[in-house]
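*Asks:* Residue numbers (mature numbering (1 follows the signal peptide of the UniProt record, and there is no 0)): -17 to -1, 1 to 701.
First, the structure itself, so that you have it in front of you.
If you want it as structure tokens, here you go:
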């Protein structure tokens, strides 16, 4: 037995002979690389950071390989039989042998005790989020190794698509001469995702032979990645809580059970890891079963009913009562002949059986020992879950579905195009969808300038005269369009700079909303209105109405029927809405969202200078405005559309007047007027390559509108 054990150990350690020497802990190399980076020693920084990445990959490879080889050794040698002694010996004899094998194997491969390679959570998180590549791209840029800089930048950006500075650097690299398209490669690419996306593209294009090849490749690679992930779960015990007092520490069996349950939960979560594309937050639902579903259809289309039936049988292991797939199985049996044996793939049988065994153990632990378990699979049989946990399981599944929807919404968002802007509340915090509140969009000075514009326009007595609000007799309503503001500036009634600021503030808001909700899809102005509502002092006593009744912006709200009709006279072309607040020195006037009943309030937003609230314009966001009971509330009301034919024509004319003003100013200044710019030339260093640490995620209507009467315009102002 001892000689057989030595043979297995030699086989496990043989790979180490091909890479002699001690593997330096990656966290030490990383720390030295970062120090060299800040010292602007670019060559040494690049070398150390690359070595850190190599060490990190080597450590993971060693752990995977040793656990796999020691598992094979245990299976070959076997452990002490239960009849040979007490049950502890039968159990722990094998455990001790496995531990001994792992220690020797890892020590041989790493050249040091495995404990030397235990890095802090912060360092592990940096490597999981590809932070070293953020440093590397700067170091390579300084060393004029442009191809390597581009690859490092792209590798980091794939996993961090919300990183604004890296997005800008990537665009800069694309404009540089000498940069080739194949330089933009992901150095950490996972084979199964590349194959999966290619397979789905072929499938959607009805190119079924190619789809079969790539989807089969993806499934094989995904199962392999799953095994690697599972091997890495067998790490040290990690307790998120603070250290307990000595007399509160668990006993032998409790500690073993807790650690083993942790490992089982980690293994179960591996399916989410392989189903999550780098840079994404949420996993692709039913990742493994979806391969089989796509493959059975693709094989059927290419005429290979035998493999189509095999995939269908494999899929039914996950969802045995799925009626469409059961019908397909009947069809395949008829075509192949009732005597033809159809069985599920052996790899899928093993996958399902092992997963069910682990789930059963985990649920037993949760039921009897406490704790929680977020089951990653939708296909878990209901009968496997203990009766007293079923209700919580259903609640968790519903919560998980909602969180997935929230995450999918957030993943569609792009990075904000301006520094310093804060997302104060998102959709989840506002109990809805497609809602957000930004702060610091305007400065206090800019708010004062725009408020001065409202005052000057009122004094000019043209286009901004106060009148009773169309929504309530208790308030006066004032409104100024961007075109009217420019015309007043042209006549000398208001300051040109204030009129220009109205254009700039509304355009800044458009860019923010477009980047957040619709990155890559152009948003056009539908209507822009600088609006003030003033409380009529003598009309406030006993007031019960709203400043603006509950409504939706692109449909006619029917609270009783719980419906919103997207038809005229509603502005059906509107896609997104926004309000940019200018002040808060008044009472009331807050925005609120409701359910479709127009009664149940789901969220409220209190106005303040520079606060921008934005939301989609449909039935998902009914909203109204509380009564302004004292003072004057001013804001820029904004509506946007994806339809260019419904773009705001008044704004085009306003911009023409502004350009005309600029030309006149140029001529008045002797042609020396110089346009402001903040762009950098393509030869400049990216911002993140200054001497400072790279930014981290943790420091993380149309032409017909002009012909509409003012009363119609006013009826849906915020």
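Every residue, glycine too, gets a C-beta built ideally from N, C-alpha and C.
Mapping DSSP to helix, strand and coil, what is residue 501?
*Replies:* Against the chain shown, residue 501 aligns to sequence position 518. The answer is coil: DSSP assigns residue 501 none of H, G, I, E or B.
*Asks:* For residue 460, name the three-state secondary structure that DSSP assigns.
*Replies:* Against the chain shown, residue 460 aligns to sequence position 477. Looking at residue 460 - three-state DSSP - the assignment turns out to be strand.
*Asks:* What separation, rounded to the nearest whole angstrom, lies between the Cα atoms of residue 432 and residue 621?
*Replies:* As a working mapping, residue 432 is identified with position 449 in the chain shown. As a working mapping, residue 621 is identified with position 638 in the chain shown. Their Cα atoms are separated by approximately 19 Å.
*Asks:* What is the DSSP secondary structure of residue 140, reduced to helix, strand or coil?
*Replies:* For the purposes of this step, residue 140 is identified with residue 157 of the chain shown, where counting begins at 1. It is helical.
*Asks:* Is it right to say residue 677 is buried, meaning 16 or more other beta carbons lie within 10 angstroms of its own, or is it exposed?
*Replies:* Within the chain shown, numbered from 1, the residue matching residue 677 stands at position 694. Since pLDDT at residue 677 reaches only 38, below the 50 mark, its modelled position is unreliable, and the value read off the structure follows with that caveat. Residue 677 should be labelled buried.
*Asks:* From this set, 598, 293, 333, which residue's C-alpha is nearest residue 411's C-alpha?
*Replies:* Numbered from 1 along the chain shown, position 428 holds the residue referred to as residue 411. Cα-wise, what sits closest to residue 411 is 598.
*Asks:* Extract the residue ranges of the alpha helix (DSSP H) inside the region 190 to 225, only unbroken runs of 4 or more that lie entirely within it.
*Replies:* If you keep only unbroken alpha helix (DSSP H) runs of at least 4 residues inside the region 190 to 225, you get 191 to 215.
*Asks:* Beta-carbon within less than 6 Å of residue 130's beta-carbon, same chain only, minus the 5 sequence neighbours each way: which residues are those?
*Replies:* The residue labelled residue 130 in the question sits at position 147 within the chain shown. 166, listed in sequence order.
*Asks:* What number of angstroms, rounded off, separates the C-alpha of residue 475 from the C-alpha of residue 436?
*Replies:* Along the chain shown, read from residue 1 onward, the residue named residue 475 stands at position 492. Along the chain shown, read from residue 1 onward, the residue named residue 436 stands at position 453. Roughly 12 Å between the two C-alpha positions.
*Asks:* Whose C-beta lies closer than 7 Å to the C-beta of residue 201 among residues of the same chain, with five residues either side of it excluded?
*Replies:* For the purposes of this step, residue 201 is identified with residue 218 of the chain shown, where counting begins at 1. Counting only Cβ-Cβ distances below 7 Å, and skipping sequence neighbours, we find 175, 178, 179, 182, 274.
*Asks:* Between residue 349 and the rest of its own chain, which residues show a CB-CB distance below 6 Å, the 5 nearest in sequence each way excluded?
*Replies:* Along the chain shown, one-based indexing puts residue 349 at 366. Within the same chain, residue 349 has close Cβ partners 356.
*Asks:* In three-state terms, what does DSSP make of residue 130?
*Replies:* In the chain shown, the residue the question calls residue 130 occupies position 147. DSSP places residue 130 in helix when its eight states are reduced to three.
*Asks:* Would you mind stating whether residue 13 and residue 35 have Cβ atoms separated by less than 8 Å?
*Replies:* For the purposes of this step, residue 13 is taken as the residue at position 30 of the chain shown. For the purposes of this step, residue 35 is taken as the residue at position 52 of the chain shown. Against a cut-off of 8 Å, the Cβ pair of residue 35 and residue 13 comes out as a contact.
*Asks:* DSSP state of residue 622, grouped into three classes?
*Replies:* Here residue 622 corresponds to residue number 639 of the chain shown, with the count starting at 1. The answer is strand: DSSP assigns residue 622 an E or B state.
*Asks:* Under the DSSP definition of a beta bridge, which residues are partnered with residue 280?
*Replies:* Mapped onto the chain shown, residue 280 falls at position 297. Paired residue(s): none; residue 280 is not in a bridge.
*Asks:* With a threshold of 16 other CB atoms inside 10 Å of the CB of residue 447, please say whether the residue is buried or exposed.
*Replies:* For the purposes of this step, residue 447 is taken as residue 464 along the chain shown, with counting starting at 1. Note that residue 447 scores 49 on pLDDT, short of 50, meaning its location in the model is unreliable and no value can be drawn from it.
*Asks:* If you pair each beta-carbon of the region 483 to 496 with each one of the region 552 to 563, do three or more pairs fall below 8 Å?
*Replies:* Yes, they touch.
*Asks:* In the DSSP assignment, find the beta strand (DSSP E) that holds residue 595 and state where it starts and stops.
*Replies:* Counting from one through the chain shown, the residue named residue 595 turns up at place 612. Per DSSP, the unbroken beta strand (DSSP E) holding residue 595 starts and ends at 595 to 599.
*Asks:* Going straight from the alpha carbon of residue 455 to that of residue 138, what length do you get?
*Replies:* Along the chain shown, one-based indexing puts residue 455 at 472. Along the chain shown, one-based indexing puts residue 138 at 155. Cα-Cα distance, rounded: 57 Å.
*Asks:* Could you check what DSSP says for residue 571 in three-state terms: helix, strand or coil?
*Replies:* For the purposes of this step, residue 571 is identified with residue 588 of the chain shown, where counting begins at 1. It is a strand residue.
*Asks:* Mind checking residue 32: buried by the 16 CB within 10 Å criterion, or exposed?
*Replies:* Within the chain shown, the letter at position 49 stands for residue 32. Result: buried.
*Asks:* What are the boundary residues of the alpha helix (DSSP H) that residue 507 is part of?
*Replies:* For the purposes of this step, residue 507 is identified with residue 524 of the chain shown, where counting begins at 1. Run containing residue 507: none in the alpha helix (DSSP H); it sits in the beta strand (DSSP E), 507 to 518.
*Asks:* How would you label residue 142, buried or exposed, when you count the other beta carbons within 10 angstroms and need 16 or more for buried?
*Replies:* Taking the first residue of the chain shown as position 1, residue 142 is located at position 159. So residue 142 counts as buried.
*Asks:* Confirm, please, whether the CB-CB distance from residue 51 to residue 214 is below 8 Å.
*Replies:* In the chain shown, residue 214 corresponds to position 231, counting from 1. In the chain shown, residue 51 corresponds to position 68, counting from 1. Taking 8 Å as the Cβ cut-off, residue 214 and residue 51 qualify as a contacting pair.
*Asks:* Helix, strand or coil: how does DSSP classify residue 297 here?
*Replies:* As a first step, residue 297 is located in the chain shown; it is residue number 314 there, counting from the start. Three-state result, residue 297: helix.
*Asks:* Look at the alpha carbon of residue 612 and the alpha carbon of residue 566, and state the distance between them as a whole number of angstroms.
*Replies:* Mapped onto the chain shown, residue 612 falls at position 629. Mapped onto the chain shown, residue 566 falls at position 583. If you take the alpha carbons of residue 612 and residue 566, they lie about 15 Å apart.
*Asks:* Does the region 352 to 372 come into contact with the region 235 to 251, if we say contact requires no fewer than three beta-carbon pairs (one atom in each stretch) closer than 8 Å?
*Replies:* yes
*Asks:* I'd like the list of long-range same chain contacts for residue 472, defined as Cβ closer than 6 Å, with 5 residues on each side in sequence excluded.
*Replies:* Working through the chain shown from its first residue, we reach residue 472 at position 489. Hits under 6 Å: 479, 482.
*Asks:* Below 6 Å CB to CB, which residues in the same chain sit around residue 528 once its five sequence neighbours on both sides are set aside?
*Replies:* Locating residue 528 in the chain shown gives position 545, counting from the first residue. Here the set comprises 455.
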